[in-house]
Amino acid sequence: MTEDEAAISALNLATARPYTSHLIETQNMVQLVSMFPTIFRISWELWSSARLNSSLHCPPGWTAHASRCFLLSEEQQEWAMARNKCKSLGGDLAVVLNADDQALMTIMTLKLVHHNPEKYFHSAWIGLSDTDKEGVFFWVNGDKLKSNVSFWSPGNPNNFIPDWDKHYEGQNCIAIVLPRHIQSWLYSWDDIICRGERKDWFLSKWTFCHLGSFVSPSSSGPPTEA
Numbered sequence: 000m001t002e003d004e005a006a007i008s009a010l011n012l013a014t015a016r017p018y019t020s021h022l023i024e025t026q027n028m029v030q031l032v033s034m035f036p037t038i039f040r041i042s043w044e045l046w047s048s049a050r051l052n053s054s055l056h057c058p059p060g061w062t063a064h065a066s067r068c069f070l071l072s073e074e075q076q077e078w079a080m081a082r083n084k085c086k087s088l089g090g091d092l093a094v095v096l097n098a099d100d101q102a103l104m105t106i107m108t109l110k111l112v113h114h115n116p117e118k119y120f121h122s123a124w125i126g127l128s129d130t131d132k133e134g135v136f137f138w139v140n141g142d143k144l145k146s147n148v149s150f151w152s153p154g155n156p157n158n159f160i161p162d163w164d165k166h167y168e169g170q171n172c173i174a175i176v177l178p179r180h181i182q183s184w185l186y187s188w189d190d191i192i193c194r195g196e197r198k199d200w201f202l203s204k205w206t207f208c209h210l211g212s213f214v215s216p217s218s219s220g221p222p223t224e225a
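At position 31 of the sequence shown (counting the first as 1) the number is 30 in numbering that gives the first Met the number 0, and the numbers step up by one without a gap.
Take a look at the structure:
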């Protein structure tokens, strides 16, 4: 069995049964990340470094990519508050302009889980939502989502309202989750409850912020409050 096949087998086994705790879910995801082929990781390093703008100077902790700086920040809060956090840093929630951006952020989440197995990762907010009209998605810079630049995970968006949703508001804010299959690793968007609040606990959310081009301090899109 190849490393790819082993990873897929382990992942399918993990997702076929309900998780009994956050720890088990995290361990399963760490197993997936650790089984990604070495050649995949090396290729990513070469692929991404070739796209870095050498003249771009980002603050400490941020990652330079194209004409922007990206930050994956641990912020256990709702989407609107996460956006305010990004704005306080001089940026906004990250906007995905192309497949390069999507690959960067997806790999950043995989690396986070791989290097921090003790942390529970649920998802990371990005600057996309349909809070104004269901099914009509806008980025925080006011741009409408383009059909040729969308990276939904299988079955999403679904606006599912689970029993544990504390506010029964539906899922109107978008986050990047860990990919479920190696073959479709780039497709990692999921629509999630904007407040991120369950009846008995708060989803462990992270946040993608960006600085640079395409950051709009005052969005012309839909309201930011969920």
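Glycine residues also receive a C-beta, built at the ideal position from the N, C-alpha and C atoms.
Proximity of residue i and residue j at Cβ, strictly below 7 Å
i           : j           : result
residue 123 : residue 205 : yes
residue 142 : residue 171 : no
residue 70  : residue 61  : yes
Beta-carbon contacts of residue i that lie in its chain and below 8 Å, excluding the five residues immediately before and after
i           : result
residue 125 : 92, 93, 94, 95, 104, 173, 174, 175, 188 and 207
residue 68  : 55, 57, 58, 61, 62, 90, 209, 210 and 211
Rounded C-alpha distance that separates residue i from residue j
i           : j           : result
residue 151 : residue 99  : 15 Å
residue 185 : residue 101 : 7 Å
residue 57  : residue 139 : 21 Å
residue 120 : residue 155 : 19 Å
residue 144 : residue 127 : 8 Å
residue 65  : residue 82  : 22 Å
residue 194 : residue 148 : 25 Å
residue 26  : residue 134 : Caution is warranted here: a pLDDT of 49 is assigned to residue 26, below 50, making its placement in the model unreliable, and no coordinate value can be reported.
residue 190 : residue 136 : 11 Å
residue 109 : residue 179 : 11 Å
residue 181 : residue 157 : 22 Å
residue 73  : residue 192 : 17 Å
residue 237 : residue 146 : Here the chain comprises residues numbered 0 to 225, so residue 237 is not present and cannot be evaluated.
Per DSSP, cross-strand counterpart(s) of residue i
i           : result
residue 135 : 132
residue 69  : 62 and 209
residue 190 : 173
residue 143 : 137
residue 91  : 209
residue 151 : 188
residue 127 : 138
Own chain partners of residue i with C-beta closer than 6 Å, once the 5 adjacent residues on each side are dropped
i           : result
residue 183 : none
Cβ-based neighbour list, residue i, same chain, cut-off 7 Å, excluding 5 preceding and 5 following
i          : result
residue 85 : 91, 92, 206 and 208
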